[in-house]
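**Student:**
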Amino acid sequence: MLILPAEHPLDWKKPPVMTLLLILLNVLIYFGYQGGDEQRWETAIEAYLDAGLLNRERTLFLEDFGPRRKLNADEQRALAAMRRSDLAGLILSDLQFESRLHHEPAYQTDPDWQAARRKVEAERDKVSSMRFGFIPAKFSVQGLFGAMFLHGSFDHLLGNMIFLFIFGFALEIALGRWLYLGLYLLSGIASHLLWWIMDPVWVTGVGASGAISGLMGMYLGVYGLRRINFFYWLGPMFGYFRAPALWILPVWMGKELYGLLLADDNVNYYAHLGGLGAGFLSVWLPRLIGRLKVDEAYLRKEDPDAPFKRELAALDQAIGRFALEQAASRGLDLLPRYPGREELLERLYPVAKSRQDAALMSALLKQVFALPPGTGLLLLQRLGDDSQAPEQRLLRHPGVQLHLLQGLLRGADGPRALAAWRRLCQHSRHPSQLPQLTLQLAKLLGQRKDLRGIAELAQFLRNAYPEAEQTRQLTLYQQHLAR
915 MLILPAEHPL DWKKPPVMTL LLILLNVLIY FGYQGGDEQR WETAIEAYLD AGLLNRERTL
975 FLEDFGPRRK LNADEQRALA AMRRSDLAGL ILSDLQFESR LHHEPAYQTD PDWQAARRKV
1035 EAERDKVSSM RFGFIPAKFS VQGLFGAMFL HGSFDHLLGN MIFLFIFGFA LEIALGRWLY
1095 LGLYLLSGIA SHLLWWIMDP VWVTGVGASG AISGLMGMYL GVYGLRRINF FYWLGPMFGY
1155 FRAPALWILP VWMGKELYGL LLADDNVNYY AHLGGLGAGF LSVWLPRLIG RLKVDEAYLR
1215 KEDPDAPFKR ELAALDQAIG RFALEQAASR GLDLLPRYPG REELLERLYP VAKSRQDAAL
1275 MSALLKQVFA LPPGTGLLLL QRLGDDSQAP EQRLLRHPGV QLHLLQGLLR GADGPRALAA
1335 WRRLCQHSRH PSQLPQLTLQ LAKLLGQRKD LRGIAELAQF LRNAYPEAEQ TRQLTLYQQH
1395 LAR
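So for the sequence shown, the working numbering puts the first residue at 915; every next one is plus one.
#1: With burial defined as no fewer than 16 other Cβ atoms inside 10 Å of the residue's Cβ, what is the status of F945: buried or exposed?
#2: For Y1252, which three-state DSSP category applies?
#3: With a floor of 4 residues, list each alpha helix (DSSP H) that falls wholly inside the region 1353 to 1394, ordered by position along the chain.
#4: Buried or exposed for L1202, please, with buried defined as at least 16 other CB atoms from any protein chain shown within 10 angstroms of its CB.
#5: DSSP three-state label for I917, please.
#6: Taking only the alpha-carbon atoms, compute the straight-line gap between G1204 and G1135 and give it to the nearest angstrom.
#7: At 4 residues or longer, and completely inside the region 1016 to 1084: list those alpha helix (DSSP H) runs for me, N to C.
#8: Given this structure, state the Cα-to-Cα distance separating D988 from F1081, to the nearest angstrom.
#9: Should the region 1178 to 1192 be called in touch with the region 1103 to 1112, which here means at least 3 C-beta pairs below 8 angstroms?
#10: Considering I1142, what are the terminal residues of the beta strand (DSSP E) in which it resides?
#11: For the beta strand (DSSP E) that M1151 lies in, which residues bound it at each end?
#12: Expressed to the nearest angstrom, what Euclidean distance is found between the alpha-carbon atoms of D1026 and R970?
#13: Less than 8 angstroms between the CB atoms is what I'm expecting for V1120 and L1064, so what's the real figure, rounded?
#14: Let me know the alpha helix (DSSP H) ranges lying completely inside the region 1191 to 1223, each 4 residues or longer, listed in chain order.
#15: Return the residue from the list L1285, L993, L968 and M1275 that minimises the CA-CA distance to F979.
#16: Take P1349 and list the residues in its own chain whose beta-carbon comes closer than 6 angstroms to its own, dropping the five residues that flank it on each side.
#17: In the DSSP output, which residue or residues are listed as bridge partners for G1119?
#18: Roughly how many angstroms separate the alpha carbons of L1085 and L1278, rounded to a whole number?
#19: Any contact between the region 1037 to 1045 and the region 950 to 957? By contact I mean 3 or more CB pairs, one from each, below 8 angstroms.
#20: Take every Cβ of the region 1098 to 1107, pair it with every Cβ of the region 1068 to 1075, and state whether three or more of those distances are shorter than 8 angstroms.
#21: Touching or not, the region 1301 to 1320 and the region 1329 to 1336, by the rule of three or more beta carbon pairs under 8 angstroms?
#22: For V1181, does the three-state DSSP call read helix, strand or coil?
#23: Would you say I959 and A1002 are within 7 angstroms of each other, going by their C-beta atoms?
#24: Whole angstroms are fine: how far does the CA of L1323 sit from the CA of L1355?
#25: Our contact map puts L1213 next to Y1137 with C-beta atoms below 8 angstroms; I'd like the distance itself, whole angstroms only.
#26: Tell me where the alpha helix (DSSP H) around R982 begins and ends.
#27: Terminal residues of the continuous alpha helix (DSSP H) containing R1324?
#28: Say yes only if the C-beta of L1107 is nearer than 6 angstroms to one or more non-hydrogen atoms of the ligand SAM, and no if none qualify.
#29: Say whether chain B places a C-beta atom closer than 7 angstroms to the C-beta of I1142.
#30: Inspect the beta-carbon positions of G1188 and S1105 and report whether they are closer than 7 angstroms.
#31: What are the uninterrupted segments assigned as alpha helix (DSSP H) that are 4 or more residues long and contained completely in the region 1226 to 1287, given in chain order?
#32: Could you work out which residue in D964, F1144 and R991 is closest to L976 when comparing CA atoms only?
#33: Does the distance from the C-beta atom of A1061 to that of P1114 stay below 7 angstroms?
#34: Using 8 angstroms as the Cβ pair cut-off and three pairs as the minimum, do the region 1232 to 1247 and the region 1265 to 1281 touch?
#35: Determine, using beta-carbon pairs with one atom in the region 1156 to 1171 and one in the region 1213 to 1232, whether at least three such pairs fall under 8 angstroms.
#36: Go through its chain and collect everything with a Cβ distance to A1372's Cβ below 6 angstroms, but skip five positions before and after it.
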């Protein structure tokens, strides 16, 4: 049975930075640190055998392990016949036997045995699960925190990271990155504490599933009784349904309780229950008493750009009715409120051009020419094409043509940049930037092998700026292209 929320699509405009960092950290720890565990185990087993501890502890272990695990006669014989290295590994991993051994009178009265054992255990404890795993019967702070960043296999890691991403990206936006991280860690700690209280066994626990169960509980706590979308997969059946988020809590809790009471596997159901309950309560209770604020607009799926879109729709209606005076007036109000919005500029430009509205055109062009590089090229090209018409006196102003030339050069539109340059040169007073812009244009035309255009530019510089450095550089550039 699988039931997952499907309420929010991923929005890369608001990337889940903390969730991605948590995933990256888990992956780096698994491959960068835990990848050396096999060698660490081999070193520990070799040290155990070299110290002669197997000969000393074999009988004690067989007498303890068989009855404790309720092995039958065949299983007992198979255990006794194990290879020395395999049996040594089993003994070293059996922490309950180790605890009993430390209380054996024979062990306590033999300093050499104790010294050899301590040395081997120190080697074994370099293995990640032994060093940072959580062992309920051997409580440690480093295990309490460290275990949630370790995993037993690649499949274990992959499954947990998928669920971390599914629940994490929405919660990170709703709660805020740092609160989200804090509650994630709190849920992981709570999952271990419940296991420690309810079942203090000599077993090493690793994995992020307790913390991720906390995210599942947080998700339900954030939405409360609000109806949201869920995806379900029950055997051959799958699909979507809507339900109040809280209704799913007893389903998830029931699934974990069923596994705890009836399942015969290695899943840590106590950790899942502890994380799920802690995550839910850590969000639901503060929300209930008004002490926790979440991004309600995100939960309601409100578009932060909705006001702009409404204004744009109203402007479209005015233009559609040919109420151009109203559209121009509205445009002058919208431009300072929504600066640099290409959709708005594209709608207002035809209005300003058809009305020859100096105020609107001036406000609009300031924003067009201030757009960041790589944006607004189509609008610049449109300005360049319309500037060819003699009646477009506003567009043909030398100040406008100067900015247009600069924008077209950034956009690498050689033909239109050349046309803007020619219009700029027709005026008696040339801007101070013209020699440098002419050289830039020549290099752009050179990429297109437009030798005629380059010759025109070079002739202009020789006539208008014979002593300029740009004139000398362009002459050399011409010579280079002529080779």
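C-beta: ideal position from N, C-alpha, C; glycine also. Keep in mind it's a predicted model, so treat the numbers as computed, not measured.
**Tutor:** With the structure as the only source:
#1: exposed
#2: coil
#3: 1365 to 1378
#4: exposed
#5: strand
#6: 13 angstroms
#7: 1019 to 1022, 1025 to 1038, 1042 to 1046 and 1055 to 1060
#8: 47 angstroms
#9: yes
#10: R1141 to L1148
#11: M1151 to P1158
#12: 12 angstroms
#13: 4 angstroms
#14: 1210 to 1213
#15: L993
#16: Y1379, A1382 and Q1384
#17: F1048
#18: 40 angstroms
#19: yes
#20: no
#21: yes
#22: coil
#23: yes
#24: 7 angstroms
#25: 7 angstroms
#26: L967 to R983
#27: P1312 to R1324
#28: You won't find the ligand SAM in this model; it holds no ligand whatsoever.
#29: This model lacks chain B altogether, as it is built from one protein chain only.
#30: yes
#31: 1238 to 1251, 1256 to 1269 and 1272 to 1283
#32: R991
#33: no
#34: yes
#35: no
#36: L1388 and Q1392
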